[in-house]
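Worksheet: one structure, shown below.
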Amino acid sequence: MDVLLALLRGLRLLLDLLLLVLDLNFFLVSSLVSALLWLLAAASSLPAAAAAAAVACWDALVLVRGCCGAMEGVRAAGHLLSHLPSHLPSHLASQLSHVALRGRELAQRGLGAALGCGQALGRQLCEALAIATSLLMYLVNSLVNVCLIGAQNLFTLLAALWDSLAGPVLRAAEVLAAFLAHVSSGAIAVSILLWSPCQMCFELLCAAAELFVSVFFVNVYGLGLLLLIVAVSALAFNPGLLWTLTGYLLGYLHTLPSLRRLQRDAWRLYQVAVLTLGVAVTSQPWRRLVDWIQQDQTKTVLLLPCRHLCLCQECTEVLLQQDIYQRNCPLCRQVILQTLNVYL
Numbered sequence: 002m003d004v005l006l007a008l009l010r011g012l013r014l015l016l017d018l019l020l021l022v023l024d025l026n027f028f029l030v031s032s033l034v035s036a037l038l039w040l041l042a043a044a045s046s047l048p049a050a051a052a053a054a055a056v057a058c059w060d061a062l063v064l065v066r067g068c069c070g071a072m073e074g075v076r077a078a079g080h081l082l083s084h085l086p087s088h089l090p091s092h093l094a095s096q097l098s099h100v101a102l103r104g105r106e107l108a109q110r111g112l113g114a115a116l117g118c119g120q121a122l123g124r125q126l127c128e129a130l131a132i133a134t135s136l137l138m139y140l141v142n143s144l145v146n147v148c149l150i151g152a153q154n155l156f157t158l159l160a161a162l163w164d165s166l167a168g169p170v171l172r173a174a175e176v177l178a179a180f181l182a183h184v185s186s187g188a189i190a191v192s193i194l195l196w197s198p199c200q201m202c203f204e205l206l207c208a209a210a211e212l213f214v215s216v217f218f219v220n221v222y223g224l225g226l227l228l229l230i231v232a233v234s235a236l237a238f239n240p241g242l243l244w245t246l247t248g249y250l251l252g253y254l255h256t257l258p259s260l261r262r263l264q265r266d267a268w269r270l271y272q273v274a275v276l277t278l279g280v281a282v283t284s285q286p287w288r289r290l291v292d293w294i295q296q297d298q299t300k301t302v303l304l305l306p307c308r309h310l311c312l313c314q315e316c317t318e319v320l321l322q323q324d325i326y327q328r329n330c331p332l333c334r335q336v337i338l339q340t341l342n343v344y345l
């Protein structure tokens, strides 16, 4: 679905670009056609303007010619008045009136032709000005239309780009919001689901603690009496249980390393005490310091199981450096498994 929407947005963008290109093409072609039409109108009106200008020039020439003729007539009339005799005033007056009428007619014709030429030239100028004004207005209108169309296409393109860019972002935001809502709802449901057993366990622990306190701290004498009654009843109805428990207890005590070590130390102390008492009673005072191997060394006492004493430090070290199964008394060759140092 997202791919189809992206494809449709791309086709819309291409269509907008195509319309923009077509609008620019129409503006350019219409501008060129308008310019050509204005040039053709100017070229077609140029002969009429030239003819009107020629007619105006001809009329001006006729007017000038009439003025010149009138001036010649006036000058000729003055010359005739100065040279002709006095009996010809009537004939001269008629000639002068004729010349005056002829000059007025020529002047009227020249003025009419000049006015007509000016009107034609003014009309041509007005038409040219109207054509130029209409062409300028058309160009301005075309420019405004192109600007508006370009702005519309630009805004459309920006809107399409915003739609194409903001659509995935909004879609991702919606998916993220839905995911967070789902996770939060799931977390709340899991917390509620886990809190119910935890709350039940806490309540059971509180009830057990209350029961324990009420039994062992409030009524401890009654509990002790009850346990004593149960123990006495069990021993009374099952006499062999006492011997079985005693055997288990002794076996457990014999398996403890500390108890065995305590027994061994007690046995050694007992042997030392017995040997010391025997030596003190049976031997003489000078024999207590006799070293049977080396009698002139530093004296320490090593009590052997055969009740022989080694009083030198070197013999003691040599004897103790050997293996436990190779330790023999130098006198009686009895195996020495246990030794005891006595410091005097």
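In our numbering, the protein residues as written are 2 to 345. Just so it is clear, CB atoms sit at the ideal spot from N, CA and C, and this is done for glycine as well.
Inclusion of Ser143 and Ser31 in the CB contact set at 8 Å is warranted, their separation being smaller than that value. Separation of the CB atoms of Ile132 and Ala42 is rounded to 6 Å, and the pair is thereby assigned contact status at 8 Å. In the three-state scheme derived from DSSP, where H, G and I count as helix and E and B as strand, Asn239 is classed as coil. By the beta-carbon neighbour count (other beta carbons within 10 angstroms, threshold 16), Ala55 is exposed. The shortest CA-to-CA distance from Pro331 to any of Phe203, Cys316, Gln322 is the one to Cys316.
In its chain, beyond the 5 residues on either side, Asp17, Leu20, Leu21 have a beta carbon closer than 7 Å to the beta carbon of Asn154.
Cys118 sits buried, since 16 or more C-beta atoms from the chains shown fall within 10 Å of its C-beta. It is roughly 14 Å from the alpha-carbon of Leu130 to the alpha-carbon of Ala121. With a beta-carbon spacing of about 10 Å, Arg328 and Val319 fall beyond the 8 Å limit used to define contacts. A straight-line Cα-Cα distance of about 14 Å links Leu137 and Glu128. CA-to-CA, the gap between Ala182 and Ala161 works out to about 31 Å. Ala114 is classed as buried because its beta carbon has at least 16 other beta carbons within 10 Å across all chains shown. Taking C-alpha positions only, Arg262 is separated from Ser197 by approximately 55 Å. Straight-line spacing of the CA atoms in Thr340 and Asp266 works out to 12 Å. Taking the Cα of Leu9 as reference, the smallest distance to any Cα among Leu140, Phe156, Gln323, Ser165 is reached at Ser165. Here Arg103 is not near Val63, since their CB atoms are 8 Å or more apart.
Leu226 and Leu236 do not touch by the CB rule: their CB atoms are close to 16 Å apart, not below 8 Å. Proximity to Cys58 across Leu112, Cys69, Glu204, Ala7 peaks at Leu112, based on C-alpha coordinates.
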